[in-house]
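Here's the structure, in structure tokens; my notes come after.
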Amino acid sequence: MKKRTHALVVGGTGMLADVCLWLTNNGYHVSVIGRNGKKHQRLNERAPYPERITNLVVDYTDYESVKNQLRQTMNKYGPINLVVSWSQSNDNLEVMSQLIATETEQWLLYHVKGSRRYFQQETIHLPPNCLYREVYLGFVLEGNHSRWLTHEEISQGVIRSLIEDQKKAIVGTLEPYEKRPSY
10 MKKRTHALVV
20 GGTGMLADVC
30 LWLTNNGYHV
40 SVIGRNGKKH
50 QRLNERAPYP
60 ERITNLVVDY
70 TDYESVKNQL
80 RQTMNKYGPI
90 NLVVSWSQSN
100 DNLEVMSQLI
110 ATETEQWLLY
120 HVKGSRRYFQ
130 QETIHLPPNC
140 LYREVYLGFV
150 LEGNHSRWLT
160 HEEISQGVIR
170 SLIEDQKKAI
180 VGTLEPYEKR
190 PSY
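Residue numbering for the sequence shown follows our numbering, starting at 10 and increasing by one per position.
In structure tokens:
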């Protein structure tokens with residue numbers, strides 16, 4: 010993976026928290042979007058380099074607030090070269106990507122998606138200077154039962170995707186589909 014300087018992680022206070030910590034350990038400054046201030050605080054407490062984390066406490070569906078926060082963090086820490094995003098909607102990614110694209114020559118987007126989305130046709134409109142990657146989160150088969158991935162397994166899979174620069178990655182398994190655990 011090419012060395013980069015400023016990363017944005019959407020959903021980085023929950024299942025992607027270890028991804029944030031890994032990025033800071035590897036020299037990145039990480040801006041983290043999340044809605045819950047207490048989760049941001051817990052992330053900072055776990056971080057060996059808390060000064061490399063900028064907490065953007067904002068609801069990612071509030072596009073104007075997200076754009077304002079992104080402008081501020083890019084003004085302070087430079088262009089965002091890497092985005093790791095767990096989001097339910099492509100709309101917010103498109104909004105963020107348009108802003109990032111105006112400040113960054115070329116950047117990577119790792120779009121983390123749930124297992125159901127692997128089997129759906131999706132269209133996402135991204136600027137040409139965005140290198141798009143997909144990471145699908147599956148489940149784990151254990152004998153006759155299945156379970157969802159743990160936060161640690163998710164983070165490890167996303168980190169592996171970052172290191173290997175995989176265009177499409179699957180963490181866990183996606184099939185047989187009917188073996189997916191219930192919520």
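Backbone N, C-alpha and C fix where the C-beta goes; we use that ideal spot for every residue, glycine too.
Helix, strand or coil at residue i [DSSP, three-state]
i           : result
residue 134 : coil
residue 143 : strand
residue 189 : coil
residue 182 : strand
Exposure label - residue i; buried when at least 16 CB within 10 Å
i           : result
residue 191 : exposed
residue 172 : exposed
residue 11  : Residue placement at residue 11 cannot be trusted, given a pLDDT of 46 that sits under 50; what the coordinates show is reported in the next sentence. The residue is exposed, with fewer than 16 neighbouring Cβ atoms inside 10 Å.
residue 78  : buried
residue 106 : buried
residue 1   : The requested residue 1 does not occur in the structure, where the chain is confined to residues 10 to 192.
residue 170 : buried
residue 164 : buried
residue 49  : buried
Limits of the unbroken alpha helix (DSSP H) element including residue i
i           : result
residue 28  : 26-34
residue 110 : 99-112
residue 73  : 72-86
Residue i: CB within 7 Å of a non-hydrogen atom of the ligand HEM
i          : result
residue 42 : Because no ligand of any kind appears in the structure shown, any question about the ligand HEM cannot be addressed here.
Residue i, enclosing beta strand (DSSP E) - first and last residue
i           : result
residue 123 : 116-123
residue 170 : Residue 170 -> not in any beta strand (DSSP E); alpha helix (DSSP H) instead, spanning 160-173.
residue 64  : 62-66
residue 46  : First-last for residue 46: 46-55, but that is the alpha helix (DSSP H), not the beta strand (DSSP E).
residue 126 : Premise fails: residue 126 is in no beta strand (DSSP E) and is neither H nor E.
residue 94  : 91-95
Whether residue i touches residue j by CB criterion (8 Å)
i           : j           : result
residue 181 : residue 149 : yes
residue 26  : residue 93  : no
residue 142 : residue 127 : no
residue 110 : residue 144 : no
residue 56  : residue 82  : no
residue 41  : residue 22  : yes
residue 99  : residue 69  : no
residue 19  : residue 96  : yes
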